[in-house]
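Letter 141 of the sequence shown, counting from 1, is numbered 808 in the numbering used here, and no numbers are missing. Where a beta carbon is used, it is the ideal one built from N, C-alpha and C, also for glycine. These numbers come from a predicted model, not from an experiment.
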Amino acid sequence: SKALTLDQAEAVLDAAEGTAMHAYIVLSILIGARTEELRALTWDHVDLNGNPDASPPLPPSIMVWRSVRAGGETKTKKSRRTLALPRRCVDALELHRDFQAQQRRAAGSAWQENGLVFASSVGTPRNANNVLRSFRSVVARTTLTAEEWTPREMRHSFVSLLSDSGVPIENIARLVGHAGGSEVTETVYRQQIRPVLLEGAEAMDRIFAGHHEIA
């Protein structure tokens, strides 16, 4: 598997604006939820307001507690997690809620209310193939080759972007809901994790680059 660079991720996010996939893609890249978790996500597990008066204050959040796997359970018990939402996710979900309300009105009596955040145009669950086609139609708006990318690689991109920014592997493991912690994360995403030794070498290159030029 591969991951989007920061520039590529921004290009995909920009291409998704105004489409039914916008919020789905924003959450995939910015919180790293599995595609089967997002397809099962319900509005009662989304808190777009938080509680700033609580002690400590509670930010807007999403409860990743279900998936479309057999029995509706997440991949493992430790995969159940509550994640604070970045501002960009909150904005995207607010727009998506309005978009879904328009879909509900347009569908009329054909609408089937399941409480799903990412439902079809008539409120029913979206299957994996439907999501894949919709995702690739967005990617096709960028310079990337759409057929070379799948929704799960947005989760890989989340890991890669965090690792590149210096977030510790232990923290990334908790965010992506890996039962075995950092060891599992390093095994699954070894191509996306920037090794500590590599980071040290690059840091030394930067530190001594100016000194070498002066010498």
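- [ ] Give the DSSP-derived three-state secondary structure of alanine 774 in the structure shown.
- [x] helix
Open item on the list: Suppose contacts are defined by Cβ-Cβ distances below 7 Å. Is cysteine 756 in contact with leucine 673 by that definition?
Closed with: no
TODO: Could you name the residues of the same chain whose beta carbon sits closer than 8 Å to that of proline 753, not counting the 5 residues immediately before and after it, in chain order?
DONE: Leu697, Ile698
Open item on the list: Considering only DSSP beta bridges, list what isoleucine 729 is partnered with.
Closed with: Val713, Leu750
Open item on the list: Looking at tryptophan 816: is its Cβ nearer than 7 Å to the Cβ of valine 806?
Closed with: yes
Open item on the list: On the DSSP letters alone, give me the boundaries of the alpha helix (DSSP H) that glutamine 675 sits inside.
Closed with: 673-683
Open item on the list: Spatial neighbours of tryptophan 778 within its chain, please: C-beta separation below 7 Å, excluding the five flanking residues on both sides.
Closed with: Arg771, Val789, Gly790
Open item on the list: I need the DSSP call for asparagine 794, collapsed to helix, strand or coil.
Closed with: coil
Task: Residues bridged to alanine 786 (per DSSP) - done: Pro792
Task: Buried versus exposed, by CB contacts within 10 Å (16 or more), valine 887 - done: As displayed, the chain neither begins before 668 nor continues past 882, which places residue 887 out of reach and without an answer.
TODO: Classify asparagine 838 as helix, strand or coil using the three-state DSSP reduction.
DONE: helix
Task: Three CB pairs or more closer than 8 Å across the region 709-728 and the region 675-695 - done: no
- [ ] Give every residue of the same chain whose Cβ lies closer than 6 Å to the Cβ of leucine 671, excluding the five residues on either side of it in the sequence, and list them in chain order.
- [x] Ser824
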